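For the record, in the sequence shown the residue sitting at position 81 is 81 according to the working numbering, with numbers rising by one throughout. Ideal Cβ placement from N, Cα and C applies to all residues, glycine included. Owing to the predicted nature of the structure, the values given are computational and were not obtained by experimental measurement.
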Amino acid sequence: MDKYLVNITKYAEGQLKEISHYIANELNDHDCAMRILDLLENEIYSLSQLPQRIVLVDEEPWHSEGIHKMIIKNFIVYFWIDEARMTVQITGVVYAKRDQVKQLAKMNMK
């Protein structure tokens with residue numbers, strides 16, 4: 001089975017740090033922050049195998065652009081697949097209760 005390279009954009013990395021910081025400092029739960037970060041990273045890197053198994057977003061124009069969404073607990077990971085380069089590009093990690101269309105519009109999809 002072919003493996004894909006998983007690339008996390010700086011924007012998505014920043015979002016992961018914000019999530020971890022919020023849980024650790026605002027909610028004062030460092031252990032939970034580490035568990036959530038580990039879970040998110042493990043699921044993200046699982047996309048190295050069969051990333052196509054994850055559904056496309058429903059919203060346009062992102063659906064037509066091939067943007068996928070993976071739901072992990074209370075978070076949504078957005079990504080697209082570059083088949084020619086065998087790469088999965090992680091473009092965002094967002095708390096599920098946020099306005100997803102607004103969050104998608106902020107992301108650089110390149």
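- Short of 6 Å from the beta carbon of residue 8, and not among the five residues preceding or following it, lie these beta carbons of its own chain, in chain order: 90.
- Distance from the CA atom of residue 43 to the CA atom of residue 65, rounded to whole angstroms, is 22 Å.
- A contact is defined here as three or more CB-CB pairs under 8 Å, and the stretch 31-51 meets this definition with respect to the stretch 66-81.
- Cβ-Cβ distances below 6 Å link residue 57 to 63, 67, 69 in the same chain, with the five nearest sequence neighbours on each side left out; the list follows chain order.
- Under DSSP, residue 87 forms a beta bridge with 5, 82.
- In the three-state scheme derived from DSSP, where H, G and I count as helix and E and B as strand, residue 94 is classed as strand.
- Excluding sequence positions up to five before and after residue 40, its CB lies within less than 8 Å of the CB of 16, 19, 72, 75, 77, 93, all in the same chain and listed in chain order.
- Each of 104, 10, 52, 21 was checked against the Cα of residue 59, and the nearest Cα belongs to 104.
- In terms of Cα proximity to residue 48, the closest of 12, 2, 30 is 2.
- By the neighbour-count definition (other C-beta atoms within 10 Å, threshold 16), residue 96 is an exposed residue.
- If you look at residue 73, you'll find it isn't in any alpha helix (DSSP H); DSSP assigns it neither H nor E.
- Taken atom to atom, the span from the alpha-carbon of residue 52 to that of residue 14 is near 25 Å.
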